[in-house]
Amino acid sequence: MTPAVNSLKKAKVRYTLHSYDHDPASKSYGEEAAQKLNVSFDRLFKTLVAAGEDGTFMTALVPVSKQLDLKALVKATGIKKAEMAEKQDVERVTGYVLGGVSPLGQKKKLAVFMDTSARNFDTIFVSAGRRGLQIEISPKDLARLTQAVFLDISR
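In this note's numbering, the protein residues as written are 427 to 581.
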């Protein structure tokens, strides 16, 4: 199993795994997952990695229906500037491939910021650490396990 799922088993929290057949030609991993699992784009959260100007990396969880607001992330974190991390950096610091990046079980412990809209749901969906596999989990449990901070970071 993936490091994300192993971390959930170890923490003994309630979660459900959902799998689907990933289409390698898909242009949007999150939209594909939401459509194939019949889940609202607002309830399925993509895991994004941003790079701060100071060389730090951070994880941002935002609904598939929205975009990460880097300005809001920068303002909330107190760093001066951030941009989306390069593919090779994302894979190096998280240990996951793009389209399968989970906020759980990452190779390096990154700060995690979750869009406040996650609080609108009893459970949300996030990547389980590989393409075609999603975790359904309470946003409260996910925040506790990742030490996530809730912020308004989507637009």
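A virtual CB, placed ideally from N, CA and C, is assigned to each residue, including glycine.
Thinking just about the alpha-carbon of each residue, which of the options is nearest to the one in residue i?
| i | options | result |
| --- | --- | --- |
| Thr542 | Val516, Gly456, Ala574, Lys533 | Ala574 |
| Leu463 | Arg518, Ala486, His448 | His448 |
| Lys535 | Val490, Lys513, Phe547, Thr482 | Thr482 |
| Ala459 | Pro489, Lys533, Val439, Lys436 | Pro489 |
| Asp548 | Lys506, Arg469, Pro450, Lys492 | Arg469 |
| Ser491 | Ala537, Ser445, Lys453, Ser466 | Ser466 |
| Gly504 | Gln514, Lys513, Ala537 | Ala537 |
Check whether the Cβ atoms of residue i and residue j sit closer than 8 Å, and answer yes or no.
| i | j | result |
| --- | --- | --- |
| Phe539 | Leu577 | yes |
| Leu487 | Ala544 | yes |
| Gly525 | Arg557 | yes |
| Ile550 | Phe471 | yes |
| Thr473 | Val552 | yes |
| Lys533 | Val519 | yes |
Quick one: residues in its chain with C-beta nearer than 8 Å to the C-beta of residue i, no 5 flanking neighbours on either side, listed in chain order?
| i | result |
| --- | --- |
| Ala508 | Ala476, Ala477, Gly478, Glu479, Met484, Leu496, Leu499, Val500 |
| Leu434 | Tyr441, Leu530, Ile561, Ile563, Leu571 |
| Gln514 | none |
| Asn546 | Asp468 |
Which residues in the same chain have their Cβ closer than 7 Å to the Cβ of residue i, if we skip the five residues on either side of it in sequence?
| i | result |
| --- | --- |
| Ala554 | Thr428, Ala430, Val431, Leu443, Ser528, Gln560, Ile561 |
| Ala511 | Val475, Ala476, Ala477, Phe483 |
| Val516 | Val475, Leu524, Val527 |
| Gly456 | Leu470, Lys472, Val490 |
Let me check one thing: in DSSP terms, what residues is residue i bridge-paired to?
| i | result |
| --- | --- |
| Pro489 | Phe471 |
| Gln560 | His444, Ser553 |
| Ala574 | Bridge partners of Ala574: none, in fact. |
| Val538 | Thr485 |
| Met510 | Ala476 |
| Leu494 | Ser580 |
What do you get for residue i, buried or exposed, if any count of 16 or more other CB atoms within 10 angstroms of its CB means buried?
| i | result |
| --- | --- |
| Ala451 | exposed |
If you drop the 5 nearest sequence neighbours on each side, which residues of the same chain put their C-beta closer than 6 Å to that of residue i?
| i | result |
| --- | --- |
| Ala437 | Leu571 |
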